[in-house]
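In our numbering, the protein residues as written are 2 to 209. Think of the CB as a built atom: it goes at the ideal place given N, C-alpha and C, for glycine as much as any other residue. Being a predicted model, the structure only gives us computed values, none of them experimental. Reading through the structure tokens given below for one structure.
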Amino acid sequence: MKRIVILISGRGSNMQAIVRRCAQDGWPAQVVAVIANRADAAGLGFAREHGIATAVVDHKAHASREAFDDALAAVIDAQRPDLLVLAGFMRILGPAFVRRYAGRMLNIHPSLLPAFPGLHTHRRVLEAGCKVSGATVHLVTADLDHGPIVMQSIVAVLPGDDEGTLAERVLATEHCIYPQAIEWFVRGLLRVDGGIVRHADGAPQLLR
Ligand code: GRF
């Protein structure tokens, strides 16, 4: 069984979708720990109820970004993860941390990267008048919200949309593409070729 560690900062709905998928028969992976940088991250309760180890590494308790990253890495490494999953984890991780988990750390971002990295994604999509948005699962590199793209979903932007309605429709697709991308990863079906992620069997890496 491959070992997955998930980092969250808040409600953890993506984490929940991943845990549910891992619980299905025949899955080659298990979520061994959920770690948050805030003790009040709502998702921790779900993890505990599902018998998953939880930990809090509070960024405010550390004097520097490097000290926080090191403390976090120590807690992660104790779980011997094959894959580290960022699921609504709202801290920027330093270059040494990113190097440590290079090639085995995934993130999800609620836009069609490389468009709209960073915060307030849906607001900026609406302000730009985009007719389409979506979500992206990608391998994490030192560049915030960049890195080889594993899978994307596309969602129409509707005339009456506000940030909340758009976020909700994009989030529903996140709950499909993140578990799918993770399954491919743990089954060893992905390879990175010149910065492009290809699926061994040519499965569509797009949800529409
Ligand atoms: C998601 O939209 C994710 O793409 C973004 O933050 C949100 C986290 O939601 N990075 P949740 O905590 O998984 O419910």
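Spell out the partners DSSP gives Q31 in its beta bridges. Within the sequence shown, numbered from 1, the residue matching residue 31 stands at position 30. Per DSSP, R4.
List the endpoints of the continuous alpha helix (DSSP H) containing N15. Counting from one through the sequence shown, the residue named residue 15 turns up at place 14. S14 to C23 is the extent of the alpha helix (DSSP H) around N15.
Apply the 10 Å Cβ neighbour rule to Q17 and answer buried if 16 or more other Cβ atoms are within range, or exposed otherwise. Looking up residue 17 in the sequence shown gives position 16. With 16 or more Cβ atoms within 10 Å of its Cβ, Q17 is classed as buried.
Closer than 7 Å: is that where the CB of S14 sits relative to any heavy atom of the ligand GRF? For the purposes of this step, residue 14 is taken as residue 13 along the sequence shown, with counting starting at 1. Checking the Cβ of S14 against the ligand GRF gives yes.
When every heavy atom of the ligand NAD is checked, does at least one fall within less than 7 Å of the C-beta of E169? Here the bound small molecules are the ligand GRF; the ligand NAD is not part of this structure.
Look at the Cβ atom of D70, then the Cβ atom of A97, and state whether they are nearer than 8 Å. Within the sequence shown, residue 70 is the residue found at index 69, counting from 1. Within the sequence shown, residue 97 is the residue found at index 96, counting from 1. It is a contact, given that the beta carbons lie within the stated cut-off.
Do three or more CB pairs link the region 123-135 to the region 154-171 at distances below 8 Å? As far as the Cβ criterion goes, the region 123-135 touches the region 154-171, which means the pair count is three or higher.
Quick one: using the 10 Å Cβ neighbour count with 16 as the cut-off for buried, is L190 buried or exposed? Here residue 190 refers to the residue found at position 189 of the sequence shown. It counts as exposed.
Report the rounded CA-to-CA distance for W185 versus P111, giving the unit in angstroms. One-based indexing of the sequence shown puts residue 185 at position 184. One-based indexing of the sequence shown puts residue 111 at position 110. Answer to the nearest angstrom: the Cα atoms are 20 Å apart.
Which of helix, strand or coil DSSP assigns to L208: One-based indexing of the sequence shown puts residue 208 at position 207. L208 falls in the strand class under three-state DSSP.
Taking only the alpha-carbon atoms, compute the straight-line gap between H63 and N38 and give it to the nearest angstrom. Here residue 63 refers to the residue found at position 62 when the sequence shown is read from its first residue. Here residue 38 refers to the residue found at position 37 when the sequence shown is read from its first residue. The C-alpha of H63 lies about 11 Å from the C-alpha of N38.
Meets three-Cβ-pair contact criterion under 8 Å: the region 140-158 and the region 99-117: yes
Rounded to whole angstroms, what is the Cα-Cα separation between V6 and V187? Counting from 1 along the sequence shown, the entry for residue 6 is found at position 5. Counting from 1 along the sequence shown, the entry for residue 187 is found at position 186. Spanning the two alpha carbons is a distance of roughly 12 Å.
Please state the DSSP three-state secondary structure of T166. As a first step, residue 166 must be located in the sequence shown, where it is residue number 165. In this structure, T166 counts as helix in the three-state DSSP scheme.
Under 6 Å Cβ to Cβ from C23, same chain only, skipping five residues before and after it: list those, please. For the purposes of this step, residue 23 is taken as residue 22 along the sequence shown, with counting starting at 1. Counting only Cβ-Cβ distances below 6 Å, and skipping sequence neighbours, we find A30, Q31 and V32.
Length of the line joining the Cα atoms of G215 and H139: Residue 215 lies beyond the residue range present for the chain, which begins at 2 and ends at 209; the question has no answer from this structure.
Rounded separation between I109 and I93 - CA only: Residue mapping note: residue 109 aligns to position 108 of the sequence shown, counting from 1. Residue mapping note: residue 93 aligns to position 92 of the sequence shown, counting from 1. Between I109 and I93, the C-alpha separation is close to 14 Å.
Terminal residues of the beta strand (DSSP E) in which L87 lies: Residue numbering aside, residue 87 sits at position 86 when the sequence shown is read from its first letter. Judged by DSSP secondary structure, L87 falls within the beta strand (DSSP E) whose first and last residues are L84 to L87.
Where does H123 land, buried or exposed, given buried means 16+ other C-beta within 10 angstroms? In the sequence shown, the residue the question calls residue 123 occupies position 122. With 16 or more Cβ atoms within 10 Å of its Cβ, H123 is classed as buried.
Under the three-state reduction of DSSP, which class applies to D26: helix, strand or coil? To locate residue 26, count along the sequence shown from 1; it is residue 25. D26 falls in the coil class under three-state DSSP.
Closest by C-alpha distance to H176, when choosing among N15, M2 and L8: Indexing the sequence shown from 1 puts residue 176 at position 175. Taking only the C-alpha atoms, the option nearest H176 is N15.
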